[in-house]
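In my numbering, the protein residues as written are 57 to 231. C-beta atoms are modelled at their ideal positions from N, C-alpha and C, and glycine is treated no differently. All of these numbers come straight from a predicted model, not from anything done at the bench.
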Ligand code: GDP
Ligand code: MG
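If you want it as structure tokens, here you go:
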């Protein structure tokens, strides 16, 4: 029996943008309105078959920057990023600050990830909400400028969630 290829994916972005919710929707097809905020790490795996390739995704969500007083976790940052093959950078389309912080997250990723060819996907989440602050065009522009993939999603309705992971994995496999 063949041993499955494991791809390490990282999810980063400001607190409350929906990282854990996206992961839960993708792996369990569930959504919780009152998601418990995570301390430290979330980790889930999922086996997927894309273009005839079956791979195991090992998906890590960092919450190290979520709350003050978690400076002690900073020392873990390099090991979190090590050998990441794909990165999902999430912001909330109804919260412009989380979009503006993407640049910082990208810098952190570029600083700590040893793999220079890591594939990046920017995700504008919570598109089900009516109070949008960041347009699709702005999201696309950011992605173009930083040579990342781009998708908009809702963990609540499941819009774009499967697509996000599929497109990212497709690109990793092709590279
Ligand atoms: P994280 O801190 O980035 O992991 O964010 P969470 O996954 O914990 O989500 C933060 C809050 O936003 C929770 O109350 C979720 O229920 C809510 N949430 C997450 N994704 C969506 C979404 O796509 N639409 C809506 N309406 N709410 C969402
Ligand atoms: Mg979380």
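Which one of the options has the shortest CA to CA distance from residue i?
{"i": "residue 146", "options": "76, 185, 186, 203", "result": "76"}
{"i": "residue 136", "options": "217, 171, 186", "result": "171"}
{"i": "residue 142", "options": "158, 176, 196", "result": "176"}
{"i": "residue 113", "options": "212, 221, 231", "result": "221"}
{"i": "residue 118", "options": "104, 212, 209, 98", "result": "98"}
{"i": "residue 227", "options": "148, 109, 169, 213", "result": "109"}
{"i": "residue 92", "options": "80, 102, 215", "result": "80"}
{"i": "residue 155", "options": "193, 104, 169", "result": "193"}
{"i": "residue 138", "options": "66, 203, 211", "result": "66"}
{"i": "residue 203", "options": "152, 212, 133, 178", "result": "178"}
{"i": "residue 218", "options": "229, 104, 169, 196", "result": "104"}
{"i": "residue 68", "options": "150, 89, 82, 144", "result": "144"}
DSSP beta-bridge partners for residue i?
{"i": "residue 77", "result": "Note: residue 77 sits in no beta bridge, so no partner."}
{"i": "residue 109", "result": "106"}
{"i": "residue 114", "result": "64, 101"}
{"i": "residue 27", "result": "With the chain running from 57 to 231 in the structure shown, residue 27 is simply not present."}
{"i": "residue 146", "result": "179"}
Comparing the CB of residue i with every heavy atom of the ligand GDP, is any distance shorter than 7 Å?
{"i": "residue 177", "result": "no"}
{"i": "residue 72", "result": "yes"}
{"i": "residue 164", "result": "no"}
{"i": "residue 90", "result": "yes"}
{"i": "residue 107", "result": "no"}
Got a sec, what are the start and stop residues for the alpha helix (DSSP H) residue i sits in?
{"i": "residue 135", "result": "133-137"}
{"i": "residue 91", "result": "Run containing residue 91: none; DSSP gives neither H nor E here."}
{"i": "residue 225", "result": "217-230"}
{"i": "residue 164", "result": "158-168"}
Which first and last residues belong to the beta strand (DSSP E) in which residue i is found?
{"i": "residue 195", "result": "Taken as a continuous stretch (DSSP letters only), residue 195 belongs to no beta strand (DSSP E), being part of the alpha helix (DSSP H) at 192-201."}
{"i": "residue 64", "result": "61-68"}
Check whether the Cβ of residue i lies closer than 7 Å to any heavy atom of the ligand MG, and answer yes or no.
{"i": "residue 157", "result": "no"}
{"i": "residue 93", "result": "yes"}
Stretch pair the region 64-78 + the region 176-193: three plus CB contacts closer than 8 Å
As far as the Cβ criterion goes, the region 64-78 touches the region 176-193, which means the pair count is three or higher.
If contact is defined by three or more beta carbon pairs under 8 Å, each pair taking one atom from either stretch, is the region 186-195 in contact with the region 161-169?
Per the Cβ contact rule, the region 161-169 is not in contact with the region 186-195 (fewer than 3 Cβ pairs under 8 Å).
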